[in-house]
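J.: Those protein sequence lines, which keep their order, are chains A and B.
Numbering-wise, the working numbering comes out as the position in the first sequence, counting from 1, plus 176.
Numbering-wise, the working numbering comes out as the position in the second sequence, counting from 1, plus 173.
By construction, the Cβ of each residue, glycine as well, lies at the ideal position given by its N, Cα and C atoms.
There's a structure below that I have some questions on.
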Amino acid sequence: MTMVNININGQKVSAPAGSTILKAAKQAGIDIPTLCDHPALIPVGACRICVVEVKGQRTLITACTFPISEGMEIQTESPQVVQARKLVLDLLFSERNHVCPICEASGNCELQEMGYRYGLNHWTYPTFTKPFPIDATHKFLFMEHNRCILCGRCERGCSDIVANHTLGLRNRGNQSMIHCDANLPWGESTCISCGTCLQLCPTGAISDKRSAFMGRDIQTEQTKSTCSQCSIGCGMQIITRGGNVLKIKSDWDAEVSGGRLCEYGRFDPLYDVRKRITSPMLRLRGKLEPVSWDEALQAVAEHVGKASTKDIGVLASTYSTNEALYLLAKLFREELKATNVGVLNDVAPKLSDKRGSLADITISDVILVVGCDPLKDQPVSSFFVKRSVDKGARLIVVGGKDNGLAPFAYMNLEMADVSKAIEIAERAAHPVVLYGSGVTDKAATALKKLQGKASFVAIENGVNTRAAAALGLNNGFKPSGVKVLFTLLGEQKMDDEYVSKNVDKKAFVIAQASFISPLTERADVVLPTAIWSERSGSLTNTEGRVLKVNKAVEPKGEAKPDWEVLSLLANKLGKKLGTSLNEISARATQELK
Amino acid sequence: MAKVKIATDWLAGCAGCHMSILDIDERIVKLLEAVEITSSPVTDLKHPPKEGVTVGILEGAICNTHNIEVAKVMRERCQILIALGDCATFGNVPAMRNLCGTDEALKRAYLDTESVVDGLIPDSPELGKPLDMVTGVDKVVKVDLFIPGCPPSADAIFHALSELLAGHVPVSFPPPLFKYD
């Protein structure tokens, strides 16, 4: 890497060639204020708050866009710079409504921070030139145009990160405003509710309906975790206050997602209205009654312990942690020798020994989507695809005109014509195959031709499907003949009638679940399980990375994390499978390598 | 040494900034050794004395002709004028009516409100006339020191007065005391 030597405020700084002044300064620990710039976005130099003085330059220049060159001498807080920044602030505050006391963002607002930094204590110019509307039509968000400073971060996030292009800027000068699909109410637009704009907005122009006015950053706790809604494993931060989850933010530093998150991950878990199970329950005289953990586990141990191997059935949700799946596999598959073991979702076939990573999509020139619907099932993977298509990659969707990505495709093919797609991929430099459980056997065989050439990324159904399959839990479950059924359901929704219709009425059913459902009502023992925000452990994403999930709040009622329930059950059965999370985690990780 | 005279008054505000002055608490006893509060909305004497004061403090925004009069009287009778709080410095909540216009705001408040029957917009000659635009105090008279905050903390007010007494001009605020909310 070629290094360039520059001088900032008299301090010698050396930074990689091609860095902007802002990046070089940041690396040297010199703070240059910004508003329209964001590390996840392509800089545009719109707000002019980052202007700096560069020796030999005719005017002040924007640090966020200007590349450094050898010997450059920069002043970041000279009187001229400070005066210019104050002017910019005066102008920003002169339009619209920037009254802090009644703003949701107050305390977390970047514009307010700038005002404090430069001691803005009154408004130099007349204000309130033109009132703007408020758009509250969106399911989860408000857009308060009067608080907008037109930095364009939301709009650039919508394009540069998510490639959805819903948000745009219209008009010029003080008539400018953010709009959705060239003037549709937000709630009726093509918005996919990923919430990226919410997180990028530096002011109170975009706010979250659910958590508005419920706590500023300094009043809340942030817990880094991993989204437990699909197999991508996006990094997230759970924002809590007083033991309540307020909102979910994406984690810009996350290795897999780099700050991406979708509706399923950011909003849906907070709007779950299903009723929680708060205590262990046991069927006594035909009725489910709350009992102690010990009684419930004793009942499970008795039935499981005396059942013969072929009578035991195990169904596992892939929404479970590595630790829980590991214990389930150890306990039932190895110790109890059960073979009738299955997972609750389909598993994508193995097409290549080496699985590709999502990052491969960003550098690909041809993307094959086969037997899966990334946009519908795992939206974040579709962000990668659509962004790549924006940059010129060719997308070929195989199998299904209803595919969410079909409108973005260069070519839509039937599954029978998969060979045409393979031919094109063979000629490409960096082909990527996104595939799911919808790949037919024939197509799978054909696709194997691309081994070594293409990068294969499975869009797995479920969450921890890869770990479940690796641990041998996807062994093909058959409901007939099962006399003792153990279901590790967790938070997953399952076909309401599956068990009541297919499993023997006399079978002893154990449901380890978080929510009340027809299954738990049919069950003979119910073991309450913690949900995503209440459990620690790890998940294995589709790329095979082991990602940490961390507990942000205490489990509701007497619920326990999925792994802990299984660990207690193993103890009851006299099997020593580890007791602490760390111990089980280490063993599970070792097993999954 | 003669005590430094301070007068306060309020315009379109909520009295919150004056509450914050009282929140100086027991420090006010020490302060009163050096200053005399001649008049304020919370003392018997309401108007700044004709012979003048050193420091005048105004809370609230300029939203009608009466506010302009009060602000001008204070400006004439004080040497250092402090705009106290977000309304006096920025306009704040009262100024949000600028977004819909004064006529619309009056109509909504006095005629269209759901509980109103046969409403009337007050127009007694004793009342100040509402202005078309609500502004901070500095748009009407010269202001020497701005203390933003809604309300400014008692610490910020105490700090400002202490600094003025010590002759530290212009007064600067350490970050925790400089707040807009």
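Helix, strand or coil for residue 508/A, going by three-state DSSP, please let me know.
T.: As a first step, residue 508/A is located in the first sequence; it is residue number 332 there, counting from the start. Three-state DSSP puts residue 508/A in a helix.
J.: I'd like to know whether the C-beta atoms of residue 571/A and residue 592/A end up nearer to each other than 9 Å.
T.: Along the first sequence, one-based indexing puts residue 571/A at 395. Along the first sequence, one-based indexing puts residue 592/A at 416. Result no, Cβ atoms of residue 571/A and residue 592/A do not sit closer than 9 Å.
J.: Among residues of its own chain, excluding the 5 on either side of residue 650/A, which ones have a beta-carbon nearer than 7 Å to its beta-carbon?
T.: For this step, residue 650/A is matched to residue 474 along the first sequence. 518, 519, 523 and 644.
J.: Mind checking whether residue 230/A and residue 250/A have CB atoms under 9 Å apart?
T.: Taking the first sequence and counting its residues from 1, the one referred to as residue 230/A is at position 54. Taking the first sequence and counting its residues from 1, the one referred to as residue 250/A is at position 74. Taking 9 Å as the Cβ cut-off, residue 230/A and residue 250/A qualify as a contacting pair.
J.: Given a cut-off of 9 Å, decide if residue 699/A and residue 738/A are closer than it, judged by their beta-carbon atoms.
T.: On the first sequence, residue 738/A is found 562 positions in, with the first residue counted as 1. On the first sequence, residue 699/A is found 523 positions in, with the first residue counted as 1. Taking 9 Å as the Cβ cut-off, residue 738/A and residue 699/A do not qualify as a contacting pair.
J.: Residues of the region 253-283 of chain B with a CB closer than 8 Å to any CB of chain A: list them in chain order, please.
T.: 256, 259, 262, 263, 264, 265, 266, 268, 269, 271, 272 and 273
J.: Check whether the region 547-554 of chain A and the region 601-621 of chain A are in contact - that is, three or more C-beta pairs closer than 8 Å.
T.: The region 547-554 of chain A is in contact with the region 601-621 of chain A.
J.: If the criterion is Cβ atoms closer than 9 Å, does the pair residue 202/B and residue 176/B meet it?
T.: Locating residue 202/B in the second sequence gives position 29, counting from the first residue. Locating residue 176/B in the second sequence gives position 3, counting from the first residue. No. Outside cutoff.
J.: Quick check: the region 490-498 of chain A against the region 624-641 of chain A, are at least 3 beta-carbon pairs closer than 8 Å?
T.: yes
J.: Can you tell me whether residue 375/A is buried or exposed, with buried defined as 16 or more other CB within 10 angstroms of its CB?
T.: The residue labelled residue 375/A in the question sits at position 199 within the first sequence. Per the 10 Å Cβ criterion, buried.
J.: List the endpoints of the continuous beta strand (DSSP E) containing residue 319/A.
T.: Here residue 319/A is taken as the residue at index 143 of the first sequence, counted from 1. Taken as a continuous stretch (DSSP letters only), the beta strand (DSSP E) holding residue 319/A covers 317-320.
J.: Can you name the residues that DSSP bridges to residue 183/B?
T.: Translated into positions along the second sequence, residue 183/B becomes position 10. Answer is 232/B.
J.: Mind listing which residues of the region 289-319 of chain B have their C-beta closer than 9 Å to chain A's C-betas, in chain order?
T.: 306, 307, 308, 309, 310, 311, 312, 316, 318 and 319
J.: Got a sec, what are the start and stop residues for the beta strand (DSSP E) residue 425/A sits in?
T.: Counted from its first residue, the first sequence places residue 425/A at position 249. Note, residue 425/A: beta strand (DSSP E), 420-426.
J.: For residue 245/B, tell me which candidate among 195/B, 218/B, 182/B and 260/B has the shortest Cα-Cα distance.
T.: Counted from its first residue, the second sequence places residue 245/B at position 72. The candidate whose alpha carbon is nearest that of residue 245/B is 182/B.
J.: Taking only three categories from DSSP, how would you classify residue 713/A?
T.: Along the first sequence, read from residue 1 onward, the residue named residue 713/A stands at position 537. Three-state DSSP puts residue 713/A in a strand.
J.: Restricting to runs no shorter than 3 residues, where is the beta strand (DSSP E) found entirely within the region 341-388 of chain A?
T.: Correct list: 343-346, 353-356 and 382-384.
J.: Three or more beta-carbon pairs under 8 Å between the region 281-301 of chain A and the region 310-326 of chain B, yes or no?
T.: yes
J.: At a CB distance below 7 Å, what residues from the region 556-569 of chain A approach chain B? Give them in sequence order.
T.: none
J.: List the endpoints of the continuous alpha helix (DSSP H) containing residue 251/B.
T.: Within the second sequence, numbered from 1, the residue matching residue 251/B stands at position 78. Note, residue 251/B: premise wrong, no alpha helix (DSSP H); beta strand (DSSP E) at 251-257.
J.: For the putative contact between residue 771/A and residue 734/A, defined by C-beta atoms under 8 Å, what is the C-beta separation to the nearest angstrom?
T.: A query on residue 771/A cannot be resolved here, the shown segment of chain A reaching from 177 to 769 and no further.
J.: Measuring CA to CA, which of 387/A, 406/A and 187/A is closest to residue 414/A?
T.: In the first sequence, residue 414/A corresponds to position 238, counting from 1. The candidate whose alpha carbon is nearest that of residue 414/A is 387/A.
J.: I'd like the span of the beta strand (DSSP E) that includes residue 680/A, first residue to last.
T.: Residue numbering aside, residue 680/A sits at position 504 when the first sequence is read from its first letter. That residue, residue 680/A, is in no beta strand (DSSP E); it is neither H nor E in DSSP.
J.: Going by DSSP, what residue range makes up the beta strand (DSSP E) through residue 660/A?
T.: As a position in the first sequence, residue 660/A is number 484, starting the count at 1. It spans 660-666 - the beta strand (DSSP E) in which residue 660/A sits, taken as one unbroken run.
J.: Please work out which residues of its chain come closer than 6 Å, Cβ to Cβ, to residue 283/A, disregarding the five sequence neighbours upstream and downstream, and give them in chain order.
T.: For the purposes of this step, residue 283/A is taken as residue 107 along the first sequence, with counting starting at 1. Hits under 6 Å: 392.
J.: Which of helix, strand or coil does DSSP assign to residue 278/A?
T.: In the first sequence, residue 278/A corresponds to position 102, counting from 1. It is coil, neither helix nor strand.
J.: Would you say residue 196/B reaches chain A, if we count a Cβ-Cβ gap shorter than 9 Å as a contact?
T.: Within the second sequence, numbered from 1, the residue matching residue 196/B stands at position 23. Not one chain A Cβ lies under 9 Å of residue 196/B.
J.: Does residue 352/A get closer than 9 Å to chain B when you measure Cβ to Cβ?
T.: Locating residue 352/A in the first sequence gives position 176, counting from the first residue. Not one chain B Cβ lies under 9 Å of residue 352/A.
J.: Give me, in chain order, the residues of the same chain whose beta-carbon lies closer than 6 Å to that of residue 459/A; leave out the 5 immediate sequence neighbours on both sides.
T.: Locating residue 459/A in the first sequence gives position 283, where the first residue counts as 1. Cβ neighbours of residue 459/A beyond the five flanking positions: 700.
J.: Please classify residue 259/A: is it buried, with 16 or more other beta-carbons within 10 angstroms of its beta-carbon, or exposed?
T.: Taking the first sequence and counting its residues from 1, the one referred to as residue 259/A is at position 83. Classification of residue 259/A: exposed, given that the 10 Å Cβ count is below 16.
J.: What does the alpha-carbon distance come out to for the pair residue 559/A and residue 329/A?
T.: In the first sequence, counting from the first residue as 1, residue 559/A sits at position 383. In the first sequence, counting from the first residue as 1, residue 329/A sits at position 153. About 17 Å.
J.: Please classify residue 507/A as buried or exposed, where buried requires at least 16 other C-beta atoms within 10 Å of its C-beta.
T.: To locate residue 507/A, count along the first sequence from 1; it is residue 331. It counts as buried.
J.: Starting from the beta carbon of residue 323/B, find every residue of chain A whose beta carbon is closer than 8 Å, and list them in chain order.
T.: For this step, residue 323/B is matched to residue 150 along the second sequence. Going along chain A in sequence order, the residues near residue 323/B (Cβ under 8 Å) are 276 and 277.
J.: Rounded to whole angstroms, how far is the Cβ of residue 337/A from the Cβ of residue 435/A, which I believe are closer than 8 Å?
T.: One-based indexing of the first sequence puts residue 337/A at position 161. One-based indexing of the first sequence puts residue 435/A at position 259. Confirmed, about 7 Å.
J.: Under 9 Å, CB to CB, which of the residues in the region 315-326 of chain A have a partner in chain B?
T.: 322
J.: Would you mind sorting residue 332/A into buried or exposed? The rule is 16 or more other CB atoms within 10 Å of its CB.
T.: Residue numbering aside, residue 332/A sits at position 156 when the first sequence is read from its first letter. A residue is called buried once 16 or more other Cβ atoms fall within 10 Å of its Cβ, and residue 332/A is buried on that count.
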